[in-house]
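Protein chains in written order, with UniProt numbering: chain D, 1 to 344; chain F, 1 to 344; chain E, 1 to 344; chain Z, 1 to 344.
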């Protein structure tokens, strides 16, 4: 057997653990050598159980380990950029959870560091690897539905986050809609030019008090002339609602929610079927495995990763434009945000 | 048998004929006594065949017939208001096809005349009587999905109208979206407060040259705090696409397209099912009958019609706001349009 | 206008009334001149309301009316054959509800009389004209699914008939399954060669006490080599269940139940959709109109009716074979039944 | 970490490899210590790659290894019974692929040996662990659809096996339908009392020449009074068709095929969706993992396995009854087969 790729996972909350477990179960060529987390004591039993030998409080232990080839940055958002910069300096390939940062400045710095170091870098926009959305992309690309004219994304969470979280989340557009902005760019094959937000606080007043909204309709104008709309809610009573429709000159393609079973029950009361899979861990289970697969393939075959640095930046710019649109009650061009930052 | 209600149909194009035939086939208490149309010669064989005895070139023949209780105004849009005013003066009950007019002034005049005369008046927003949309209304009203938060309407035609028609149509918002504006008010149970349009010419450049657009996403803000979005296209390759989704605090209800059959064919090539019913005559067939039924019930039982005068005005105001929003690239409040007109 | 075809309806129970109303509403070339029924007093108000002028107790009044061109025989099953024979003698075209009779002898006599008289004759197997089943037929005929190999029919009623009715009904196979036997012949394009019944009394013990069963699986062998299965229940808690699947060498086609609306409601409790249309009057509404249309077309264009005499006989033979199969616990060939009768 | 359960896999064809890989990826408490196969040379690279250390030609090497706690018997059907007997003698727990044998005698012997040894024994009826079918079982058990009255199984393969295989397969009923017989028992909660087969050779004449059939409708009578039907084809042009419907006194539950995506594509040509997942490895992927999980749970918690010895015997008896029914053209009781064997 060839030498395995050695991986260190920085941050082993829910998503860090998930990536580690996927690598252990499905990637015979990859070894998860070590994990680091400020609260590592809580995760030692887990690490032991899945067979990870080294556990650290300080992520620098991983960066200083010359044997480690790859780091997965799954720590809190505010640390992504800094750790990326340090990791790039040590020459390690980087998988970084989204978003890279909530500010354009720090994203720019991180991306420069990565570019300079010449390491592989992939952002955790896992939905690109979802079976349903990949199929949409494929059909759009094949030209089966012609030129894209209207793109529609429905993205609703089953339950709102606590107001405490909302305060540090960067707001709904950088925390939740950012995935949808990535999808919009990915599926349309075009950059977003302008956004307009109609938003409201309808789910939880505490979210409004925290300065955010919980319900939104975001209109999009793409550079290629297409238009689009995203609708978000922080709380869908029936569960996680993730649907996409692309309408083109020759037809449309539509994907809907996955369910646990195909059971349809008919009784005197009516006809019943399954609710959507509960939340992102269930619905996007396969996509997390796929994104790892393509990331390691890019490393092994020394080719571009499927979600490059620019893909980490653009959705943040759109998110900032959306925020401004809502605050000022007018359409905002992405260029306006870019110029604002470049002039700084 | 009691005396039948006697009806005159003014304008026997496609929709006038449809109403007449429905009355003849399904309303034993109603007699279609006469029809009038500037091109009546083209319709004489039809009238003879369905058993209508009197055919006129001039609609005034109908208005002057004291025996006639009810007129259906199915002539060209620019004549709706004037004929409504004249008909009201003769004391006849009025069913008027949508829109009443393309201008607020003429609508106001017509509605005043109707009010003054105390006759029944119903506008032809037939979609309210569609089996699917009625069910949505019912579920919203019952509170099964809680308070309305997001309302989504997809409304796409199978083929664009000729550019000649587009020029006199009043534009996509008064010609096509007007039905969706009515649906939005009807299903949300609230007035629209503000609209914002993202539009494009993607179907036919001739439509653009005629000063109109053919593809649009219209964001809506309702007075009750809900938000909404309508997406329109003048051409869906797969046919007439008419779907509505209402999302509320306790769930959602979604209706999709009707098809001719439930057949699902599975072969080596894939799994195939029916396209939507071709166009509005097929899809809304039942709704045209239902709107007549409720109109004549209102007359017989002397109660309010289900689509009153105000329902004829409001969608036009929203349409005019949408037009302005697109032209000026900003959200426009309905009040702005109202004030504009009241200040004249 | 040409002279209208004059029709007399014999028997104005539920189905006779339905045919009369359809003719009045949708067939401008047809006049329902008179109706006859032993209990005509109960139907006089109805006749008056829909505009039928002549009402009789005795159906002979209709047969003796030289003006009448066509009779619809919608009386009780035991009278179908005799009235058909009498009507054929007067030269009137005949539409006869199914089944022609419960005995082969009387069907044979009726069919001979019809043939001798040279009048049109159509049996009321309305399901052939159902939009879904017609589509299945079309696809089978087109060869899109190749040679038919397996045919499956699910046919379940929403509620069992009273035991009193069961006693005179001829049993489930002649009363209920007879429609499915017709479908089997129609869709496979082949005669049934042999049947085998697995049956049970699971719905209502009174049905068992009346000498009948209420739940059955009927295996079919067709002359062309295909095989098939029908499953019946007298009571489906969720309503009328009418589905058909044809599986062939190149694929399958499947039609399912019609519903009143396409509404899908998602709440915390689950995802809900409509139950099937309640019963045959709702589900097969369109088919009753279509069968009339094709019957009168056959008369007007002097061509063969779409459901000929033989189509009235064969399902009865299959029903008798099914009865014998259940009683004797063995597969029974249709030929065995035929020979039994021809040897009498 | 506790001592891992040590497993030997006997036979590493497609299914043996699948089980080994599932254990390695998802069962941290289990170690696949060794594998044996007469053609082990073909599988050495695979074993090395997934990290299995010991590979043998002779399965006795596994049986003689005192460290091994559990064997998975995935060799050819004719060896299942003998190896089970030998393994039982060494005190190892046994997972045995279906069927245990094609003859009742050898199954009886194997089951006696297992019982005597007191080891755990589970037969590879993986479909019981399929997400869809488990849900059906759950709903039936909960009483949501009342008492089971009709059970319907559709089970069609995407492509027929080679005639060579057919000759040694034991025939369609023991090779293919055996899974459906298991499902019938499992879902109805009752034993099958009688079967009747309507069969045909419609897919491949070579199958007929090999003495088998390729298309069948199998009627079932259950001991609890319910009835059922299975339809089989060796070749569905559109792929693997696996659907089940259970109809009861209070309603029905129906599960249909899984697909790779939920994509619906609408174009001028029609509306298209995914074909079913290709074959059993794709469709039943999850079920193979689940059956291992429940098997090892039974070992760890020292409780009864979910598919016990009797569950290995009964479907073979039903299969033999089905064979006889087809050969003799009559319904055959399971008791008849049992008595035949017990009298030997």
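Ideal Cβ placement from N, Cα and C applies to all residues, glycine included.
Fair warning: this is a prediction, and the values are worked out from it, not measured in the lab.
Cβ pair residue i, residue j closer than 8 Å
i: residue 242/E; j: residue 283/E; result: yes
i: residue 152/Z; j: residue 58/E; result: no
i: residue 71/E; j: residue 10/E; result: yes
i: residue 94/F; j: residue 299/F; result: no
i: residue 244/E; j: residue 187/E; result: yes
i: residue 263/E; j: residue 273/E; result: yes
i: residue 169/E; j: residue 195/E; result: no
i: residue 123/F; j: residue 96/F; result: yes
i: residue 40/Z; j: residue 312/Z; result: no
i: residue 107/E; j: residue 92/E; result: no
Neighbourhood of residue i by C-beta distance below 8 Å, restricted to the same chain and skipping five residues each side
i: residue 275/F; result: 238, 239 and 259
i: residue 204/D; result: 160, 163, 214, 234 and 235
i: residue 115/F; result: 309
i: residue 29/E; result: 2, 4, 5, 296 and 300
i: residue 332/E; result: 194, 195, 196, 321, 322, 324 and 325
i: residue 343/D; result: none
Contacts that residue i makes with chain D (C-beta to C-beta distance below 8 Å)
i: residue 255/Z; result: 261, 262, 263 and 264
Residues that residue i contacts on chain D, provided the C-beta gap is smaller than 7 Å
i: residue 274/E; result: 271
i: residue 267/E; result: 237 and 238
Proximal residues of chain F, C-beta to C-beta of residue i below 8 Å
i: residue 330/D; result: 330 and 331
Neighbourhood of residue i by C-beta, 6 Å cutoff - its chain only, sequence neighbours within 5 removed
i: residue 306/Z; result: 294
i: residue 166/D; result: 207, 210 and 212
i: residue 20/D; result: 9 and 32
i: residue 52/D; result: 32 and 35
Neighbour list for residue i in chain F, Cβ cutoff strictly below 9 Å
i: residue 26/E; result: 25
Residues near residue i in its chain [Cβ-Cβ closer than 7 Å; skip 5 each side]
i: residue 199/Z; result: 213, 215, 216 and 326
i: residue 147/F; result: 248 and 249
i: residue 370/E; result: In this structure chain E extends from 1 to 344, so residue 370/E is not present and cannot be described.
i: residue 190/E; result: 222, 223, 224 and 226
i: residue 319/D; result: 173, 174, 177, 178 and 181
i: residue 1/E; result: Confidence is the limiting factor: at residue 1/E the pLDDT is only 44, short of 50, which leaves the residue's position unreliable and the question unanswerable from this model.
i: residue 287/F; result: 126, 127, 129 and 130
i: residue 15/D; result: 74 and 97
Supposed contact pair residue j and residue i - C-beta distance, whole angstroms, cut 8 Å
i: residue 136/E; j: residue 253/E; result: 5 Å
i: residue 193/F; j: residue 334/F; result: 6 Å
i: residue 251/D; j: residue 150/D; result: Between residue 150/D and residue 251/D the Cβ distance is about 12 Å, and since that is not below 8 Å, they are no contact.
Amino acids of chain F, ordered along the chain, whose beta-carbon sits closer than 7 Å to that of residue i
i: residue 131/E; result: 260 and 261
Using a Cβ-Cβ cut-off of less than 9 Å, give me the residues of the UniProt domain "GFO/IDH/MocA-like oxidoreductase" (133 to 253) of chain F that come near chain C, in sequence order.
Note that chain C does not occur in the displayed structure, where the protein chains are D, F, E and Z.
Contained beta strand (DSSP E) runs [length at least 3] in the segment 176 to 200 of chain F, N- to C-terminal order:
Runs of beta strand (DSSP E) with 3 or more residues, each lying fully within the segment 176 to 200 of chain F, are found at 192 to 200, listed in chain order.
Which ranges does the beta strand (DSSP E) cover as unbroken runs of at least 3 residues, wholly within the segment 119 to 147 of chain E, from first to last along the chain?
Runs found: 121 to 123.
Quick check on the DSSP output: what are the complete beta strand (DSSP E) runs of length 3 or more inside the segment 17 to 51 of chain Z, in order along the chain?
Here the runs fully enclosed are 30 to 36.
In chain order, which continuous runs of the alpha helix (DSSP H) of length 4 or greater are located wholly inside the segment 255 to 302 of chain Z?
The qualifying runs are 280 to 283 and 285 to 300.
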